[in-house]
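Colleague: After the structure tokens below, expect a handful of questions from me.
Numbering (our numbering), first residue to last: 26 to 297.
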């Protein structure tokens, strides 16, 4: 059972293939991409005309510390993450997806129904939004996490409207401010060192919530909530309601709906 549908899936995404861009093929990306391939297969089996056409961006290669903690194996070390995962899924699931082993920068424009950001830095989120603005995109699904908590937020690009789902940059502008990036890009010396910095479970937990939102977008024809906060330390998940009052608590004020103009009825006059 699902809650009431408060946001309807655009008609063109139910009548044609989803053009999807995934940025980041590391921890969360490597967990989510196999689920995305499963969603593609399920969509086709349920009669969707086209399923998912996906392009994956990531300029990183697999290191020994990625093995076991991310979706990679010892023989994968040294290969580009995006190319490796896409080739593997194409072979196993019969998809025809593409890989771009490069970083998203000012030369790239996204033309997609859905951009999925599996990144944790503000700089990377900012680059995603700029690439979407240079192109034409409908949705932005942000999958971000810290040590043992994170968020999954599905929002829409475009001018502010009372019925537009706010994306992560609307609700948390600081997460797009590259100047405030504190990111620790120093590679971990070992998997044990990496696990001291981040839970082994958090990437899977975030990817499951993202997968659920996308499944609802297809199977239910819409959403009853637009995001989830995940906290493994407390065992809690809290949904983000599709509600302007909820958005206002995050500091985002949705424009009020425009009042419909009504024609004034002409009063008939009676002459003696």
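Backbone N, C-alpha and C define an ideal beta-carbon position, used for all residues, glycine too. Predicted model only: the values in this text are computed from it and were never measured.
Tell me, to the nearest whole angstrom, how far the beta carbon of residue 30 is from that of residue 249; I am working on the premise that it is less than 8 Å.
Modeller: Position 5 of the chain shown, counted from the first residue, corresponds to residue 30. Position 224 of the chain shown, counted from the first residue, corresponds to residue 249. That pair is a contact at about 6 Å.
Colleague: One question on the structure: do residue 150 and residue 142 come within less than 8 Å of each other, judged by their Cβ atoms?
Modeller: Taking the first residue of the chain shown as 1, we reach residue 150 at position 125. Taking the first residue of the chain shown as 1, we reach residue 142 at position 117. Yes. Within cutoff.
Colleague: My parser needs the beta strand (DSSP E) runs of 3 or more residues fully inside the region 160-186; what are they?
Modeller: 161-170, 174-181
Colleague: Using DSSP with H/G/I as helix, E/B as strand and the rest coil, what is residue 236?
Modeller: Stepping through the chain shown from its first residue, residue 236 is reached at position 211. Residue state, collapsed to three classes: helix.
Colleague: Quick check on the DSSP output: what are the complete beta strand (DSSP E) runs of length 3 or more inside the region 45-92, in order along the chain?
Modeller: 77-82
Colleague: Mapping DSSP to helix, strand and coil, what is residue 256?
Modeller: In the chain shown, the residue the question calls residue 256 occupies position 231. Correct three-state label for residue 256: strand.
Colleague: What number of angstroms, rounded off, separates the C-alpha of residue 106 from the C-alpha of residue 89?
Modeller: One-based indexing of the chain shown puts residue 106 at position 81. One-based indexing of the chain shown puts residue 89 at position 64. Rounded to whole angstroms, residue 106 to residue 89 spans 13 Å at the Cα level.
Colleague: If you follow the alpha helix (DSSP H) that residue 270 is in, where does it begin and where does it stop?
Modeller: On the chain shown, residue 270 is found 245 positions in, with the first residue counted as 1. Taken as a continuous stretch (DSSP letters only), the alpha helix (DSSP H) holding residue 270 covers 269-274.
Colleague: Rounded to a whole number of angstroms, what is the C-alpha to C-alpha distance between residue 213 and residue 180?
Modeller: As a working mapping, residue 213 is identified with position 188 in the chain shown. As a working mapping, residue 180 is identified with position 155 in the chain shown. Only weak support exists for where residue 213 lies, its pLDDT of 44 falling under 50; the coordinates are left without a value.
Colleague: Between which two residues does the alpha helix (DSSP H) holding residue 109 run?
Modeller: In the chain shown, the residue the question calls residue 109 occupies position 84. Looking at the DSSP string, the run of the alpha helix (DSSP H) that includes residue 109 is 106-118.
Colleague: For residue 46, which residues from the same chain have a beta carbon less than 6 Å from its beta carbon, with the 5 sequence-adjacent residues on both sides left out?
Modeller: Translated into the one-based positions of the chain shown, residue 46 becomes position 21. Cβ neighbours of residue 46 within its own chain (closer than 6 Å, five residues either side excluded): 80, 135, 137, 140.
Colleague: Please report the distance separating the alpha-carbon of residue 32 from that of residue 99.
Modeller: Residue 32 sits at position 7 when you count from the first residue of the chain shown. Residue 99 sits at position 74 when you count from the first residue of the chain shown. When rounded, the distance between both Cα atoms is 43 Å.
Colleague: With the cut-off set at 8 Å, would you say residue 178 and residue 265 are in Cβ contact?
Modeller: Residue mapping note: residue 178 aligns to position 153 of the chain shown, counting from 1. Residue mapping note: residue 265 aligns to position 240 of the chain shown, counting from 1. For residue 178 and residue 265, yes; Cβs fall inside 8 Å.
Colleague: Going along the chain, which residues of its own chain have a beta-carbon closer than 6 Å to the beta-carbon of residue 277, five neighbours each way excluded?
Modeller: On the chain shown, position 252 is the one that residue 277 refers to. Answer for residue 277: 191, 195, 196, listed in chain order.
Colleague: Residue 258: which of 174, 28, 201, 116 sits nearest, CA to CA?
Modeller: Against the chain shown, residue 258 aligns to sequence position 233. Of the listed residues, the one whose Cα sits closest to residue 258 is 174.
Colleague: Taking all protein chains shown into account, do 16 or more other C-beta atoms lie within 10 angstroms of the C-beta of residue 211, making it buried, or fewer, making it exposed?
Modeller: Numbered from 1 along the chain shown, position 186 holds the residue referred to as residue 211. Bear in mind that a pLDDT of 43 at residue 211, under 50, signals an unreliable position, so the model cannot answer this.
Colleague: Nearest-angstrom Cα distance between residue 97 and residue 55?
Modeller: Counted from its first residue, the chain shown places residue 97 at position 72. Counted from its first residue, the chain shown places residue 55 at position 30. One C-alpha to the other measures close to 8 Å.
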